[in-house]
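> Residue numbers for the sequence shown follow this note's numbering, so the first one is 1 and each next one is one higher.
Sharing a structure below in structure tokens format, with a few things to ask.
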Amino acid sequence: MNDYKFKVYYIDIQDSDEIKSTQKQLDVANAKLIPIKTPKVEKELINKIKDADGLIVVESQINENIINNLEKCKVILRTGVGFDVININAANKKNIAIVNVPDLWTREVANHAMALLLNLNRKISISQRDIQNHVWTPTLPYKVGSLYKETLGIIGLGRIGSETAKRAISFDLNVIAYDPYQNEEYFNKRKVTKVNLEELLIKSDYISLHCPLNKETSHIINKSTLSLMKKSALIINTSRGPVINEKDLIEALNDGEISGAGLDVLEKEPPDENNPLLNMNNAIVSPHSAHYSNESMKTRYIRFGSEVAKVLNGYMPLNLVNKDISNNLKLK
Ligand code: NAD
Numbered sequence: 001m002n003d004y005k006f007k008v009y010y011i012d013i014q015d016s017d018e019i020k021s022t023q024k025q026l027d028v029a030n031a032k033l034i035p036i037k038t039p040k041v042e043k044e045l046i047n048k049i050k051d052a053d054g055l056i057v058v059e060s061q062i063n064e065n066i067i068n069n070l071e072k073c074k075v076i077l078r079t080g081v082g083f084d085v086i087n088i089n090a091a092n093k094k095n096i097a098i099v100n101v102p103d104l105w106t107r108e109v110a111n112h113a114m115a116l117l118l119n120l121n122r123k124i125s126i127s128q129r130d131i132q133n134h135v136w137t138p139t140l141p142y143k144v145g146s147l148y149k150e151t152l153g154i155i156g157l158g159r160i161g162s163e164t165a166k167r168a169i170s171f172d173l174n175v176i177a178y179d180p181y182q183n184e185e186y187f188n189k190r191k192v193t194k195v196n197l198e199e200l201l202i203k204s205d206y207i208s209l210h211c212p213l214n215k216e217t218s219h220i221i222n223k224s225t226l227s228l229m230k231k232s233a234l235i236i237n238t239s240r241g242p243v244i245n246e247k248d249l250i251e252a253l254n255d256g257e258i259s260g261a262g263l264d265v266l267e268k269e270p271p272d273e274n275n276p277l278l279n280m281n282n283a284i285v286s287p288h289s290a291h292y293s294n295e296s297m298k299t300r301y302i303r304f305g306s307e308v309a310k311v312l313n314g315y316m317p318l319n320l321v322n323k324d325i326s327n328n329l330k331l332k
């Protein structure tokens, strides 16, 4: 232990084979990875981690008091996409870099969105249910679009939205998107047409949600936005459950206001057993698994180590959360 220059505490993890790949990356910065369980009492946690040069955090709250007691910490990495467990203002005051790895499963989520779209379009799950009910009809008794000349509307053209667009274009779909924070040039580069939300709802045969959950996007799909969609429209959500008002969606699916939904995320997870969406013929649900692949799971432990090592070695991480203090961090 004494041979190492830095200490990095990985909070809330058991020592395991998986974190050996994190240690391997930290070796580059001469840093020792120390896995710890979060003690019940905050004071104990502070005593354990106060000499940290870096922290890797899963779910534990790293509040102002904890941050104020860190003697020399340079970097806190949050293993998921969100970073609300960390008090950013307190970290900013101490020039601690907050890092996350939001790009880890971009491909997987885009693949999943396409898988849901294709499943709904090709009626795979519906056909399987029919077959299980002893109905075999190659001439499908449903409206089936051919994708060609049809339109996919993407809400949120960020990392995952852009990857979904790329895949959809290769399936001959025309892609339009609503993203008020990306400019025309950004859209053109992706061969996607910039539209407003109303136009997207009216024109799309398929709608795929890829925006973050925030005040603007919470229940962005609701009774009134659903009413603008085509009756044949299929909606796909791999972003966050609460961007859709589920009660309104269930009503729209039951009343034929729209034709189907493919959902990887729900307002409540895991859902109540009696959530109607779990047993509807025109809805398919997956268990918030869009990010999952053996590759993405394996890579994450490597990335946690390499991102922390970068900061300890004086380099900018791939994704700095508190960009507003980047000048103060003096990273190359
Ligand atoms: P990103 O930040 O790269 O992209 C989000 C895009 O949404 C940005 O381009 C942003 O400008 C846009 N946006 C912001 N507010 C908007 C609004 N009001 N209306 C329309 N667009 C808006 O994020 P990402 O990596 O593409 O991830 C997108 C979302 O996917 C995440 O926020 C997360 O909730 C979800 N996600 C889900 C899984 C899963 O397993 N299902 C895994 C990873 C991420």
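Positions of the beta carbon are idealized from the N, C-alpha and C atoms, including for glycine.
On a predicted model such as this, the values are computed, not experimentally measured, just so you know.
Which ranges does the beta strand (DSSP E) cover as unbroken runs of at least 3 residues, wholly within the region 125-166, from first to last along the chain?
151-155
> Helix, strand or coil: which one does DSSP assign to residue 239?
Translated into the one-based positions of the sequence shown, residue 239 becomes position 239. It is coil, neither helix nor strand.
> With DSSP collapsed to three states, give me the class of residue 308.
Sequence index remark: in the sequence shown, residue 308 carries index 308 (1-based). Looking at residue 308 - three-state DSSP - the assignment turns out to be helix.
> List the endpoints of the continuous alpha helix (DSSP H) containing residue 249.
Along the sequence shown, read from residue 1 onward, the residue named residue 249 stands at position 249. Taken as a continuous stretch (DSSP letters only), the alpha helix (DSSP H) holding residue 249 covers 246-254.
> Would you mind sorting residue 256 into buried or exposed? The rule is 16 or more other CB atoms within 10 Å of its CB.
On the sequence shown, residue 256 is found 256 positions in, with the first residue counted as 1. Residue 256 should be labelled exposed.
> Does at least one heavy atom of the ligand NAD sit under 7 Å from the Cβ of residue 355?
The question about residue 355 has no answer, for the chain in this structure spans 1 to 332.
> Would you kindly check if the distance between the Cβ of residue 209 and the Cβ of residue 236 is under 8 Å?
Position 236 of the sequence shown, counted from the first residue, corresponds to residue 236. Position 209 of the sequence shown, counted from the first residue, corresponds to residue 209. Result yes, Cβ atoms of residue 236 and residue 209 sit closer than 8 Å.
> If contacts are defined as beta-carbon pairs under 8 Å, then residue 259 and residue 277 qualify, I think. What distance do you get, rounded to the angstrom?
Numbered from 1 along the sequence shown, position 259 holds the residue referred to as residue 259. Numbered from 1 along the sequence shown, position 277 holds the residue referred to as residue 277. At roughly 15 Å, the Cβ-Cβ gap does not stay under 8 Å, so residue 259 and residue 277 are not in contact.
> State yes or no: is the C-beta of residue 117 nearer than 7 Å to some heavy atom of the ligand NAD?
Stepping through the sequence shown from its first residue, residue 117 is reached at position 117. Residue 117 Cβ: outside cutoff for every heavy atom of the ligand NAD.
> Using the C-alpha atoms, what's the distance from residue 80 back to residue 268?
As a working mapping, residue 268 is identified with position 268 in the sequence shown. As a working mapping, residue 80 is identified with position 80 in the sequence shown. Approximately 19 Å between the Cα atoms of the pair.
> Classify residue 134: buried if its beta carbon has 16 or more other beta carbons within 10 angstroms, exposed otherwise.
Here residue 134 corresponds to residue number 134 of the sequence shown, with the count starting at 1. It counts as exposed.
> If you drop the 5 nearest sequence neighbours on each side, which residues of the same chain put their C-beta closer than 8 Å to that of residue 324?
Position 324 of the sequence shown holds residue 324. Result list for residue 324: 92, in chain order.
> By the DSSP assignment, the alpha helix (DSSP H) with residue 224 in it spans what residues?
To locate residue 224, count along the sequence shown from 1; it is residue 224. Run containing residue 224: 223-228, per the alpha helix (DSSP H) assignment.
> Could you tell me which of 72, 101, 103, 65 sits nearest to residue 88, measuring between CA atoms?
As a working mapping, residue 88 is identified with position 88 in the sequence shown. For the options 72, 101, 103, 65, the alpha carbon positioned closest to that of residue 88 is the one of 65.
> Would you call the region 208-227 and the region 124-131 touching, i.e. three or more CB-CB distances under 8 Å?
no
> Looking at the ligand NAD, does it come within less than 7 Å of residue 84, judged from the CB to the closest heavy atom?
For this step, residue 84 is matched to residue 84 along the sequence shown. Flag unset: Cβ of residue 84 not near the ligand NAD.
> Would residue 117 pass as a contact of residue 206 if the rule is Cβ separation under 8 Å?
Position 117 of the sequence shown, counted from the start, is the residue given in the question as residue 117. Position 206 of the sequence shown, counted from the start, is the residue given in the question as residue 206. Yes, the Cβ-Cβ distance between residue 117 and residue 206 is below 8 Å.
> Can you check which of these residues, 59, 30, 67, is closest to residue 48 by C-alpha distance?
Residue 48 sits at position 48 when you count from the first residue of the sequence shown. When each option's Cα is compared against that of residue 48, the closest is 67.
> What do you get for residue 162, buried or exposed, if any count of 16 or more other CB atoms within 10 angstroms of its CB means buried?
Translated into the one-based positions of the sequence shown, residue 162 becomes position 162. It is buried - the Cβ of residue 162 has at least 16 other Cβ atoms within 10 Å.
> What residues in its chain sit with their C-beta under 6 Å from that of residue 177, if we drop five residues either side in the sequence?
The count along the sequence shown starts at 1 and reaches residue 177 at position 177. So the list reads 154, 157, 192, once near-sequence residues are dropped.
> Between the C-alpha atoms of residue 9 and residue 107, what's the straight-line distance to the nearest angstrom?
Numbered from its first residue, the sequence shown carries residue 9 at position 9. Numbered from its first residue, the sequence shown carries residue 107 at position 107. The alpha-carbon atoms of residue 9 and residue 107 are separated by roughly 29 Å.
> Please confirm whether residue 262 and residue 284 have their CB atoms less than 8 Å apart.
As a first step, residue 262 must be located in the sequence shown, where it is residue number 262. As a first step, residue 284 must be located in the sequence shown, where it is residue number 284. Yes, they are a contact pair.
> Quick one: what does DSSP say residue 43 is sitting in, helix, strand or coil?
Here residue 43 corresponds to residue number 43 of the sequence shown, with the count starting at 1. Here residue 43 sits in helix by DSSP.
> Going by beta-carbon coordinates alone, are residue 99 and residue 331 separated by less than 8 Å?
Residue numbering aside, residue 99 sits at position 99 when the sequence shown is read from its first letter. Residue numbering aside, residue 331 sits at position 331 when the sequence shown is read from its first letter. Going by C-beta atoms, residue 99 is not nearer than 8 Å to residue 331.
> Relative to the C-alpha of residue 97, which residue among 56, 136, 217 is closest?
Your numbering for residue 97 matches position 97 in the sequence shown. Each of 56, 136, 217 was checked against the Cα of residue 97, and the nearest Cα belongs to 56.
> Mark residue 306 as exposed unless 16 or more other C-beta atoms lie within 10 angstroms of its C-beta, in which case mark it buried.
Working through the sequence shown from its first residue, we reach residue 306 at position 306. Flag for residue 306 reads buried.
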